[in-house]
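S.K.: Taking this note's numbering, the leading residue of the sequence shown gets 2, the next gets one more, and so forth.
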Amino acid sequence: MERIEKHSEQLKEALETGSNIVVTTLQKFPYILEEVKDLPERKYAVIIDEAHSSQSGITARKMKQVLSTNSLEEAEALDTEDMNEVDEEILKEVESYRNLKNISFFAFTATPKSKTLEMFGMPDEYGHYNPFHAYTMKQAIREHFILNVLKNYLTYATYFKLVKKIQDDPEYEEKKAKKLLRTFVEEHPVAIARKTEIMLNHFMSFTRYKIKGKAKAMVVTRSRLHAVLYKKAFDKLIKENNYSIKTLVAFTGIVRHDEQEYTENSMN
Numbered sequence: 002m003e004r005i006e007k008h009s010e011q012l013k014e015a016l017e018t019g020s021n022i023v024v025t026t027l028q029k030f031p032y033i034l035e036e037v038k039d040l041p042e043r044k045y046a047v048i049i050d051e052a053h054s055s056q057s058g059i060t061a062r063k064m065k066q067v068l069s070t071n072s073l074e075e076a077e078a079l080d081t082e083d084m085n086e087v088d089e090e091i092l093k094e095v096e097s098y099r100n101l102k103n104i105s106f107f108a109f110t111a112t113p114k115s116k117t118l119e120m121f122g123m124p125d126e127y128g129h130y131n132p133f134h135a136y137t138m139k140q141a142i143r144e145h146f147i148l149n150v151l152k153n154y155l156t157y158a159t160y161f162k163l164v165k166k167i168q169d170d171p172e173y174e175e176k177k178a179k180k181l182l183r184t185f186v187e188e189h190p191v192a193i194a195r196k197t198e199i200m201l202n203h204f205m206s207f208t209r210y211k212i213k214g215k216a217k218a219m220v221v222t223r224s225r226l227h228a229v230l231y232k233k234a235f236d237k238l239i240k241e242n243n244y245s246i247k248t249l250v251a252f253t254g255i256v257r258h259d260e261q262e263y264t265e266n267s268m269n
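(1) Where GLU14 and VAL186 are concerned, what is the direct C-alpha to C-alpha distance, given to the nearest angstrom?
(2) To the nearest whole angstrom, what separates the beta carbons of PHE235 and THR197, a pair I think is in contact under 8 Å?
(3) Count the C-beta pairs between the region 203 to 212 and the region 172 to 192 that are closer than 8 Å, then say yes if the count reaches three, no if not.
(4) Mind checking ARG225: buried by the 16 CB within 10 Å criterion, or exposed?
(5) Go through its chain and collect everything with a Cβ distance to LEU155's Cβ below 8 Å, but skip five positions before and after it.
(6) Name the two residues that bound the continuous alpha helix (DSSP H) containing ILE142.
(7) May I ask which residues mark the beginning and end of the beta strand (DSSP E) holding ARG183?
(8) Out of SER105, VAL229 and ASN131, which has the shortest C-alpha to C-alpha gap to LEU249?
(9) Would you mind sorting LYS232 into buried or exposed? The rule is 16 or more other CB atoms within 10 Å of its CB.
(10) Grouping DSSP H, G and I as helix and E and B as strand, with all else coil, what is ASN131?
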C-alpha cells in the first residue's frame, strides 16, 4: 500500500511501478483517472469511500474561505452545499471515464442520491435504480455491529411563543414561514443552552456510570457551527457545576463565528 501525500509525481510513480493499493485525496482523483487511462494493459478498481463526508466539502470550501459564516442557518446551508458540490465533481469525473474497460468503479455510501444510484446501481424491471449491494442497518444490528438507537430513546416536546414586533401584516407561504420560524427558535442561544442542560442532566443522572463507569454520550448536530456552539455550551455548564467530565468536538476545517476562528485542535 502506498499513501500519496505529496505531489502528483509521487502518484504517477506509484501507478506506473504497480503499487497494489494507492490511497489519495479527492484533489488528486482526476489525475489518477487520467494516468490510469494511459495504462490500458493494467486493470484498476477505483474505490470511492463516502467522499462527501470524508472530504466534508474541502474543495468547495476552499473557494469560499474568504467568506465569514456568522449564523447557524448559513452554516447549515454551507455544509450541505459543500457536500453537494464535492459529490457532483466526483460524479462528473467518473462519468467521463466510465467506458474505459480497464477501470471498475465502486462507491460506498450510506446516503446515495438518485444520480449516484443511476451511475453505480442496477436497474430493476420498473426502471428504478438500486444499490449493487446493500449492508442494511437491520443486518448490522442483528450482527451486533451497531446498536439499535430506536430501542431506547427519549423525546422532548418543545413549546414557544413568538412576539410580533412589526405593525405590518405581510403574507408568506405558510409552510415556508413555519419552517423559518421553527429554525429561528431552534437556533436561538437560549434554546441551545436549555437543550444542553437537559442532555447533560440526563447523562449525569442516568448514563455516566454505565458500562463500568466508562459510558459516553454523542451529540450529532446539524452543521459544524452547531457543533462549535454546543461544545461551548457543554463546557460552560460542566465548569459551572464542577463536573469531572470532559467533552471532545469533531469537525473539519475552520469554523468562523463572531469574528473568531475555531478548529478541532483549538477547541479540544
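Using N, Cα and C, we set each Cβ at its ideal position, and we do this for glycine too.
Since this is a predicted model, take the numbers as computed values, not measurements.
M.R.: With the given structure in hand:
(1) In the sequence shown, residue 14 corresponds to position 13, counting from 1. In the sequence shown, residue 186 corresponds to position 185, counting from 1. When rounded, the distance between both Cα atoms is 55 Å.
(2) Numbered from its first residue, the sequence shown carries residue 235 at position 234. Numbered from its first residue, the sequence shown carries residue 197 at position 196. With a Cβ gap of about 6 Å, PHE235 and THR197 count as contacting.
(3) no
(4) As a first step, residue 225 is located in the sequence shown; it is residue number 224 there, counting from the start. Buried.
(5) As a position in the sequence shown, residue 155 is number 154, starting the count at 1. Taken in chain order, the residues that qualify are HIS203.
(6) Walking along the sequence shown from the start, residue 142 turns up at place 141. From DSSP, the alpha helix (DSSP H) with ILE142 extends over 138 to 143.
(7) On the sequence shown, position 182 is the one that residue 183 refers to. Counting along the chain, ARG183 falls outside any beta strand (DSSP E), though it belongs to the alpha helix (DSSP H) covering 175 to 187.
(8) Position 248 of the sequence shown holds residue 249. Minimum Cα distance to LEU249 is reached at VAL229.
(9) As a first step, residue 232 is located in the sequence shown; it is residue number 231 there, counting from the start. When all chains shown are included, LYS232 counts as buried.
(10) Along the sequence shown, read from residue 1 onward, the residue named residue 131 stands at position 130. Residue state, collapsed to three classes: strand.
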